[in-house]
Amino acid sequence: MRKRVFAFLLLAVTLITLVGCKKSKKLIENEADAKEVIECPKENMFGLEKIALFEDRAVAVFDEKLCEDFEYDENDLDTFSLKGYLGKKNAGFSLTVENMVNIWPEEDKSSIELKNGHYIVTIIFPNKESYKEDPDEDFEILGLHISGMTIWITEDTVELRYTARGYDIMWYYTQEFDRAKGKWEKVDEDEVGCMTSETY
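Using this note's numbering, the letters of the sequence shown map in sequence onto residues 380 to 579.
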């Protein structure tokens, strides 16, 4: 009898685990079709957990609580939030794509949804042969521009950037993820006054 009870409990735990795995994988639709999936610890400036790069779009997943608890707004104006974009037909986010001729940013289509405590941001670009600078090369997504945040992707790193603006000072925040080590560096802060000519 004990063996049967133990076997039943083991089966129940296994089923619960499998259901939990399926839920987490369903955050990004058709994730298996992505050209590349980058996963990272969510303890970073934006609460970024995952980026999936497809032929014609990028999908980024953020932990809702960490994203909304953003602490790098020097004026404490609470201007950094993805919540305000929920329900919009086009959120106005954009991509930087290598091998693409210059197009209007409005040609990118973007959306955001809240699912299981995560913001899912999707940005689609026009993957057309006529937009290629070199017809023999593929498009490559290099950057995501979402609200006030920028995410740059290279073969070795993912870099987060955010700019906080004051009356006469700007604060530039960056944080880098080492893809090989699977670790985030500390947030780096750079302060620039209005009289300087430094650019970011």
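All C-beta atoms, glycine included, are put in the ideal place defined by N, C-alpha and C.
Quantities reported herein were computed from a predicted structural model and do not represent experimental measurements.
Could you tell me the alpha carbon to alpha carbon distance between residue i and residue j, rounded to whole angstroms?
i	j	result
Ile503	Asn469	11 Å
Leu461	Glu534	27 Å
Glu555	Ile525	17 Å
Gly463	Asn506	28 Å
Ile417	Ile407	12 Å
Trp563	Asn423	7 Å
Could you tell me which residues DSSP puts in a beta bridge with residue i?
i	result
Arg436	Ile503
Arg580	Given a span of 380 to 579 for the chain in the structure shown, any question on residue 580 remains unanswerable.
Phe556	Val537, Trp563
Which residue comes first and which comes last in the alpha helix (DSSP H) that contains residue i?
i	result
Lys565	Taken as a continuous stretch (DSSP letters only), Lys565 belongs to no alpha helix (DSSP H), as it is neither H nor E.
Residue range of the beta strand (DSSP E) that residue i falls in?
i	result
Leu445	Leu445 -> not in any beta strand (DSSP E); alpha helix (DSSP H) instead, spanning 443-447.
Gly522	519-525
Met528	528-532
Val480	Here Val480 belongs to no beta strand (DSSP E), and DSSP marks it neither H nor E.
Ser460	Premise fails: Ser460 is in no beta strand (DSSP E) and is neither H nor E.
Ile491	488-494
Thinking just about the alpha-carbon of each residue, which of the options is nearest to the one in residue i?
i	options	result
Tyr510	Arg558, Ile482, Asp569	Ile482
Glu486	Leu493, Trp531, Ile520, Gly471	Gly471
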